[in-house]
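*Asks:* Protein chains in written order, with the working numbering: chain A, 3 to 127; chain B, 54 to 294. By construction, the Cβ of each residue, glycine as well, lies at the ideal position given by its N, Cα and C atoms. On a predicted model such as this, the values are computed, not experimentally measured, just so you know. The structure under discussion is supplied below as structure tokens; questions concerning it will follow.
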């Protein structure tokens with residue numbers, strides 16, 4: 003458990019360092035995610051030890067992901083406490099967010115499902 | 054009166070310590086999560102929104118500043134970084150499906166990102182929102198740290214963007230399922246991708262709690278759209294304004 007947490011933290015640390023060093027727009031944790039993914043792909047199933055290590059890290063990672071929602075609560079509280087920043091714009095901003103978000107989810111998922119279906123039909127032919 | 058003084062002293066001590074605020078956050082989340090599961094994961098019963106409302110209500114009633122609360126709750130907030138890194142694991146598990154659908158992923162990623170930016174810009178312009186606030190709204194569909202960085206570059210207000218981004222996440226997590234059901238979309242990877250692209254981490258958390266494939270594609274969309282949006286917004290804004 004401790005080893006797995008260490009590895010996950012270490013990847014974030016490397017990610018953050020790369021972001022600061024190259025002044026990238028991508029957040030450090032996302033760079034850490036990409037690096038960990040590359041490592042996993044690269045390691046493959048070379049030996050029993052590697053397979054076991056990957057399984058252990060996966061278990062810890064899945065446990066953290068189970069609580070992903072919880073981790074947004076502290077900044078979410080900040081939104082409620084600072085909502086007055088929006089002043090007279092509050093209603094209009096909420097309208098943009100609600101309509102914009104619903105349309106974006108619908109558009110993106112619809113497009114992707116249609117392309118996936120075309121691809122499947124192509125393969126069948 | 055001595056008893057009351059004692060209680061007051063304990064309270065003064067507790068509210069200055071992280072333990073109290075961490076416990077409060079966990080407790081509020083357990084209530085939110087319990088209601089979410091009780092409602093059969095009904096999307097409008099969002100555990101994040103419920104716990105935020107419970108905590109905010111307590112802070113406002115007791116007249117506690119957000120800074121004091123966050124000073125304790127930051128230990129929970131800290132785990133967002135490691136959780137993001139951890140998303141590499143479910144993505145890795147679905148790597149075959151991802152490479153099979155790579156074409157639709159890339160097209161939906163770019164088209165969806167441009168759509169998100171344009172719809173926000175035109176809606177906000179139509180409603181005559183001040184330009185500074187429009188610029189703070191435009192990057193709202195990507196994860197908060199990226200959105201805040203973009204907002205700063207294009208002349209928005211980063212702290213406002215943070216607020217807008219979180220609201221976007223909660224809206225996406227609460228209304229996404231209805232939208233996708235209305236469109237009769239069944240492909241779990243497409244549904245998840247829509248969630249992650251339009252409502253980043255909070256949408257991803259919701260997708261993850263319903264279906265693993267959806268969760269993976271949400272995480273993928275969240276990471277990729279962060280990169281794409283931060284490249285195209287500065288270009289699009291120059292054309293639009």
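1) Between which two residues does the alpha helix (DSSP H) containing residue 257 of chain B stretch?
2) Any chance you could list the alpha helix (DSSP H) runs of at least 4 consecutive residues sitting entirely within the region 94-170 of chain B, in chain order?
3) From A/25, A/21 and A/80, pick the residue whose C-alpha is nearest to that of residue 33 of chain A; which is it?
4) From residue 160 of chain B to residue 99 of chain A, what does the alpha carbon distance come to, in whole angstroms?
5) Using beta carbons (cut-off 9 Å, strictly below), is residue 72 of chain B in contact with chain A?
6) Say whether chain B places a C-beta atom closer than 9 Å to the C-beta of residue 85 of chain A.
7) Identify the continuous alpha helix (DSSP H) that holds residue 69 of chain B and give its terminal residues.
8) Can you give me the start and stop residues for the alpha helix (DSSP H) that residue 189 of chain B sits inside?
9) Exposed or buried, which one is residue 86 of chain B when buried takes at least 16 other CB atoms within 10 Å?
10) Grab me the residues of residue 31 of chain A's own chain with a C-beta within less than 7 Å of its C-beta, minus the 5 sequence neighbours each way, in chain order.
11) Nearest to residue 146 of chain B by alpha carbon, out of A/87, A/60, A/10 and A/103?
12) Of all Cβ atoms in chain A, is any one closer than 9 Å to the Cβ of residue 69 of chain B?
13) When DSSP labels each residue in this structure, what does residue 214 of chain B get in the three-state scheme?
14) Using a beta-carbon distance cut-off of less than 8 Å, what residues from the region 86-111 of chain A approach chain B?
15) Using CA coordinates, which residue listed in A/73, A/79, A/68 and A/118 is at the minimum distance from residue 131 of chain B?
16) On the DSSP letters alone, give me the boundaries of the alpha helix (DSSP H) that residue 83 of chain A sits inside.
17) Shortest alpha-carbon distance to residue 259 of chain B belongs to which of A/42, A/97 and A/70?
18) Less than 9 Å between the C-beta atoms of residue 1 of chain A and residue 165 of chain B, yes or no?
19) What is the DSSP secondary structure of residue 69 of chain A, reduced to helix, strand or coil?
20) Work out the CA separation of residue 94 of chain B and residue 158 of chain B for me, nearest whole Å.
21) Reducing DSSP to helix, strand and coil, say where residue 268 of chain B ends up.
22) Please go through the same chain and pick out, in chain order, the residues whose beta-carbon is closer than 6 Å to the beta-carbon of residue 49 of chain B, but skip the five residues on each side of it.
*Replies:* In brief:
1) Locating residue 257 of chain B in the second chain gives position 204, where the first residue counts as 1. From DSSP, the alpha helix (DSSP H) with residue 257 of chain B extends over 241-263.
2) 100-115, 119-130, 133-139, 141-146 and 148-153
3) On the first chain, residue 33 of chain A is found 31 positions in, with the first residue counted as 1. Minimum Cα distance to residue 33 of chain A is reached at A/21.
4) Within the second chain, numbered from 1, the residue matching residue 160 of chain B stands at position 107. Within the first chain, numbered from 1, the residue matching residue 99 of chain A stands at position 97. Approximately 24 Å between the Cα atoms of the pair.
5) Numbered from 1 along the second chain, position 19 holds the residue referred to as residue 72 of chain B. No, its Cβ sits nowhere closer than 9 Å to a Cβ of chain A.
6) On the first chain, position 83 is the one that residue 85 of chain A refers to. Taking Cβ atoms only, chain B reaches closer than 9 Å to residue 85 of chain A, which makes this a yes.
7) As a position in the second chain, residue 69 of chain B is number 16, starting the count at 1. Taken as a continuous stretch (DSSP letters only), residue 69 of chain B belongs to no alpha helix (DSSP H), as it is neither H nor E.
8) On the second chain, position 136 is the one that residue 189 of chain B refers to. Looking at the DSSP string, the run of the alpha helix (DSSP H) that includes residue 189 of chain B is 184-190.
9) Here the question's residue 86 of chain B lines up with position 33 in the second chain. Label assigned to residue 86 of chain B: buried.
10) Taking the first chain and counting its residues from 1, one reaches residue 31 of chain A at position 29. For residue 31 of chain A, where only same-chain residues beyond five positions count, the Cβ hits under 7 Å are 14 and 17.
11) Stepping through the second chain from its first residue, residue 146 of chain B is reached at position 93. Nearest of A/87, A/60, A/10 and A/103 to residue 146 of chain B, Cα basis: A/60.
12) Here residue 69 of chain B refers to the residue found at position 16 when the second chain is read from its first residue. It does not; no Cβ of chain A falls within 9 Å.
13) If you number the second chain from 1, residue 214 of chain B lands on position 161. Reduced to three states, the DSSP call for residue 214 of chain B is helix.
14) 87, 88, 91, 94, 95, 96, 97, 98, 99, 100, 101, 102, 103, 104, 105, 106, 107, 108, 109, 110 and 111
15) As a position in the second chain, residue 131 of chain B is number 78, starting the count at 1. Ranking the options by Cα distance to residue 131 of chain B, first place goes to A/73.
16) Taking the first residue of the first chain as position 1, residue 83 of chain A is located at position 81. 75-83 is the extent of the alpha helix (DSSP H) around residue 83 of chain A.
17) Translated into the one-based positions of the second chain, residue 259 of chain B becomes position 206. The shortest Cα separation from residue 259 of chain B among A/42, A/97 and A/70 belongs to A/70.
18) Shown here, chain A extends from 3 to 127; a query on residue 1 of chain A therefore has no answer.
19) Position 67 of the first chain, counted from the first residue, corresponds to residue 69 of chain A. Residue 69 of chain A falls in the coil class under three-state DSSP.
20) One-based indexing of the second chain puts residue 158 of chain B at position 105. One-based indexing of the second chain puts residue 94 of chain B at position 41. Their Cα atoms are separated by approximately 27 Å.
21) Residue numbering aside, residue 268 of chain B sits at position 215 when the second chain is read from its first letter. Looking at residue 268 of chain B - three-state DSSP - the assignment turns out to be helix.
22) The structure shown does not extend to residue 49 of chain B, since chain B is modelled only from 54 to 294, so the question has no answer here.
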